[in-house]
Amino acid sequence: MRLMTGLWLAASLLFCTAAHAEVPEVRFAQQFSMGYLQFNVMKHQDLLQKHAAALGIPEVKISYVTFNGPDMMNDALLSGAVDIASGGVPGLLTIWAKTRGTAQEVRGLSAMSQQVVLLTSRDPNIRSIRDFKPGDRIALPAVKVSAQAVMLQMAAAKEWGDAAFDRLDALTFSMAPPDATASLLSGGNDFQSAFTVPPFQNMQLRDPAIHIVLSSEDVVGPSSGGMAWSSKRFHDGNPKLYQAVLNAMQEASDFIAGHPRETADYYAADSKGKIDVDLLVSLITDPRYKYVLVPRSMTTWSDFMFRMGRIKSKPDSWKDLFWPEIHGLDGS
-14 MRLMTGLWLA
-4 ASLLFCTAAH
6 AEVPEVRFAQ
16 QFSMGYLQFN
26 VMKHQDLLQK
36 HAAALGIPEV
46 KISYVTFNGP
56 DMMNDALLSG
66 AVDIASGGVP
76 GLLTIWAKTR
86 GTAQEVRGLS
96 AMSQQVVLLT
106 SRDPNIRSIR
116 DFKPGDRIAL
126 PAVKVSAQAV
136 MLQMAAAKEW
146 GDAAFDRLDA
156 LTFSMAPPDA
166 TASLLSGGND
176 FQSAFTVPPF
186 QNMQLRDPAI
196 HIVLSSEDVV
206 GPSSGGMAWS
216 SKRFHDGNPK
226 LYQAVLNAMQ
236 EASDFIAGHP
246 RETADYYAAD
256 SKGKIDVDLL
266 VSLITDPRYK
276 YVLVPRSMTT
286 WSDFMFRMGR
296 IKSKPDSWKD
306 LFWPEIHGLD
316 GS
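Its first residue numbered -14, the sequence shown is counted upward by one per residue in the numbering used here.
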């Protein structure tokens, strides 16, 4: 009788555990930018739930948390606190190189967007990066590690040579793009320049006193900006759910292309701030802004970061950076 009772209890525990496991959770980490609009569409249209159900997963818990830079986001990914992170190319390259070949390996899920990112200033004497002086300050999302920080290093290396790639690093400090924009527009702060993201940079430029100092197009050309990446733990442990995420992101990308105003409304609602929807629509429909899963110009970033010692290994191909599900795309 004791044996039968024990077996019944064990079976009950296994049943409860299995029942609990039937409701998986996907925890997304995102940043302040229009570079991740697929997440906004997925959230408002329940696209992940739709595609998970189509693959035999009837219920999925979904949560989103916002970070200001890739370091804390990558720490959260490695600790298991989030499942899918998003950010610029340097964030993916950094964690890929750090975890390559380990049990905690991280690779890209897909690209998300191509955008033009601008360094702006309200100082009339600063027209190029050559004009920055030791006392100047530049706000950007995260010093050293954000896409803006690395682009500034690329620009410095192009201007003064590789040995001076970090020449402007001492002028930079971390500030979230919404806060940097509000401060720059107020004109009463101890910094006059900011390297942020759309739509905040475009809101800044509505002030005639603010002008463009540097464009990402001058540094990296047309390149993927927003990316999504995930751990081996999530990829290998949840193959159907992982595929559902990719399918949802593709449908969201298609929706953005065909419904710019609805997409802008979603982003404005999620931002919980005063956002000009017409400005968002103008950016979404700008041919320089694309919301596609195809990675572009990965080796431009990886070659520079490897040459500067920012990463200890570099990919032979863009495919080395991503899980196999998107290897059939025409990436670069």
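Ideal Cβ positions, reconstructed from N, Cα and C, are used throughout, including at glycine.
Return the first residue and the last residue of the alpha helix (DSSP H) that residue i is part of.
i	result
Tyr227	224 to 243
Glu310	Element bounds for Glu310: n/a, residue is neither H nor E.
Ser28	Looking at the sequence provided, one finds Lys at residue 28 rather than Ser. Note, Lys28: alpha helix (DSSP H), 22 to 30.
Arg292	283 to 292
Trp81	74 to 84
Trp303	Neither: Trp303 is in no alpha helix (DSSP H) and is coded neither H nor E.
Ile269	262 to 269
Classify residue i: buried if its beta carbon has 16 or more other beta carbons within 10 angstroms, exposed otherwise.
i	result
Gly76	buried
Pro272	exposed
Arg295	buried
Leu40	exposed
Gly211	buried
Met136	buried
Leu190	exposed
Arg292	exposed
Asn25	buried
Met234	buried
Gly73	buried
Ser209	buried
Ser332	Missing from the structure shown is residue 332; the chain here goes from -14 to 317 and no further.
Ala6	Its pLDDT being 47, under 50, Ala6 is placed unreliably in this model, and the value from its coordinates should be taken loosely. So Ala6 counts as exposed.
Arg107	buried
Just how far apart, CA to CA, sit residue i and residue j?
i	j	result
Glu236	Tyr276	11 Å
Ser95	Glu144	32 Å
Ser317	Ala82	18 Å
Met27	Arg112	40 Å
Glu90	Arg218	8 Å
Ser178	Val279	32 Å
Leu33	Lys118	49 Å
Thr270	Ser215	29 Å
Phe13	Asn232	15 Å
Met188	Gly86	43 Å
Gly120	Glu202	27 Å
Gly146	Lys129	18 Å
Pro162	Ile123	12 Å
Ser171	Gly258	17 Å
Ala167	Lys299	38 Å
Thr157	His36	42 Å
Could you give the C-beta distance for residue i and residue j, rounded to a whole number, given that I count them as a contact under 8 Å?
i	j	result
Phe52	Gln16	6 Å
His196	Thr105	7 Å
Val205	Ser282	6 Å
Val182	Gly20	7 Å
Leu62	Met290	Incorrect: roughly 19 Å between the Cβ atoms, too far for contact.
Would you kindly report the start and end of the unbroken beta strand (DSSP E) that includes residue i?
i	result
Ser64	From DSSP, Ser64 is part of no beta strand (DSSP E) but of the alpha helix (DSSP H) over 55 to 64.
Val91	91 to 96
Ala14	10 to 16
Leu125	123 to 125
Tyr49	46 to 52
Ser208	Ser208 -> no beta strand (DSSP E), and no H or E assigned at all.
Thr105	103 to 106
At a cut-off of 6 Å, would you count residue i as near the ligand ADP, judging by its Cβ distance to the nearest heavy atom?
i	result
Lys275	In terms of ligand content, the structure shown is empty, and the ligand ADP therefore cannot be addressed.
Legend entry - Every unbroken alpha helix (DSSP H) inside the segment 144 to 201 [4 residues or more]: Within the segment 144 to 201, the complete alpha helix (DSSP H) runs of at least 4 residues are 162 to 171, 185 to 189.
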